[in-house]
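The structure under discussion appears below in the form of structure tokens.
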Amino acid sequence: AQSVTQLDSHVSVSEGTPVLLRCNYSSSYSPSLFWYVQHPNKGLQLLLKYTSAATLVKGINGFEAEFKKSETSFHLTKPSAHMSDAAEYFCVVSGEGSQGNLIFGKGTKLSVKP
Amino acid sequence: GAGVSQTPSNKVTEKGKYVELRCDPISGHTALYWYRQSLGQGPEFLIYFQGTGAADDSGLPNDRFFAVRPEGSVSTLKIQRTERGDSAVYLCASSPYPGRRSSGANVLTFGAGSRLTVL
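These protein sequence lines are chains B and U, in that order.
Per my numbering, the first sequence starts with residue 1, numbered consecutively.
Per my numbering, the second sequence starts with residue 1, numbered consecutively.
Take a look at the structure:
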């Protein structure tokens with residue numbers, strides 16, 4: 001069965017410093033992986049997706065993630081945090097059964113200090 | 001419409017009452033999804049429609065939950081005999097077509113959600 005583990009429930013960084021949000025996945029086949037962001041009182045927004053093409057995936061707002069099969073990881077990074085990056089981030093893997101069944105991690109809350 | 005629209009944005013009800021939550025997907029999107037997000041948790045899959053039919057309802061927790069999409073556009077999630085444990089944000093999403101898992105076509109656009117509170 002597919003699963004994702006987000007290793008940190010809360011990450012706090014200073015504005016202008018790098019961001020690292022960690023995600024490990026478990027899948028019985030080559031997975032599709034996503035990162036979504038959720039700002040307060042707003043819908044989930046897709047940041048980036050991996051679908052077995054390039055292992056380094058670039059997303060919106062300067063975020064990127066690297067698929068590492070040997071480590072079963074898909075960590076999200078950004079070189080320099082901005083105050084507007086403060087939000088909840090979810091690592092997501094496609095479920096094995098239905099193509100509509102996405103499996104979400106529990107989320108990582110990113111705080112950005114001025 | 002321009003995005004996925006969900007109504008109501010907030011619903012407070014009493015234990016045992018019946019509730020309907022509505023989702024209006026992006027125009028032309030054939031696939032529609034319902035998820036539930038409890039406090040402090042990631043969204044959990046409930047049901048997925050391809051057109052008018054439920055392609056996968058394996059996430060519905062019990063027979064108090066039911067969803068319809070009679071004309072292949074708007075969907076309604078129905079909850080009977082609500083319980084306090086049903087309190088959560090109910091998220092709807094749509095996509096142009098489900099596609100093959102490897103094609104990357106399965107990118108969902110989410111609505112802002114309906115927050116249900118059962119007293």
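Cβ coordinates follow ideal geometry from the N, Cα and C atoms, glycine included.
If you're wondering where the values come from, they're calculated on a predicted model, not measured in any experiment.
Contact check for G95/B against F45/U passes: the beta carbons are separated by less than 9 angstroms. Counting only runs of 4 or more residues that sit fully inside the stretch 23-51 of chain U, no alpha helix (DSSP H) segment turns up. By alpha-carbon distance to Y90/U, the top candidate from D24/U, W34/U, P25/U, P96/U is W34/U.
Excluding residues up to 5 positions away in sequence, Y36, F104, G105, G107 lie with their Cβ nearer than 6 angstroms to the Cβ of F90/B in the same chain. In this chain, the beta strand (DSSP E) harbouring H10/B covers 10-14. By the criterion of a C-beta distance shorter than 8 angstroms, L20/B is surrounded in its chain by V11, H75, L76, T77, once the five residues flanking it on both sides are discounted. In the three-state reduction of the DSSP assignment, N61/B falls in the helix class, which pools H, G and I.
Note on geometry: alpha-carbon atoms of V57/B and C23/B lie some 14 angstroms from one another. DSSP, read as helix, strand or coil, puts G111/U in coil.
Here Y50/B is bridged, per DSSP, to L33/B. Residue environment analysis places S75/U among the buried positions, since at least 16 neighbouring C-beta atoms fall within 10 angstroms of its C-beta. Per DSSP, reduced to three states, the secondary structure at S94/B is strand. For S26/B, the enclosing beta strand (DSSP E) starts and ends at 23-26. When secondary structure is reduced to three states using DSSP, G85/U falls in the helix class. Around the Cβ of P61/U, a 10 Å sphere holds fewer than 16 other Cβ atoms; the residue is exposed.
Neighbours of N61/B across chain U, judged by C-beta separation under 8 angstroms, do not exist; the nearest C-beta is about 17 angstroms away.
From the beta-carbon of K42/B, the residues of chain U found nearer than 7 angstroms are A112.
Our two residues, P114/B and S52/B, have alpha carbons roughly 37 angstroms apart in a direct line.
With respect to G72/U, G51/U sits close: the two C-beta atoms are nearer than 9 angstroms. S5/U sits in a strand when the DSSP states are folded into three classes.
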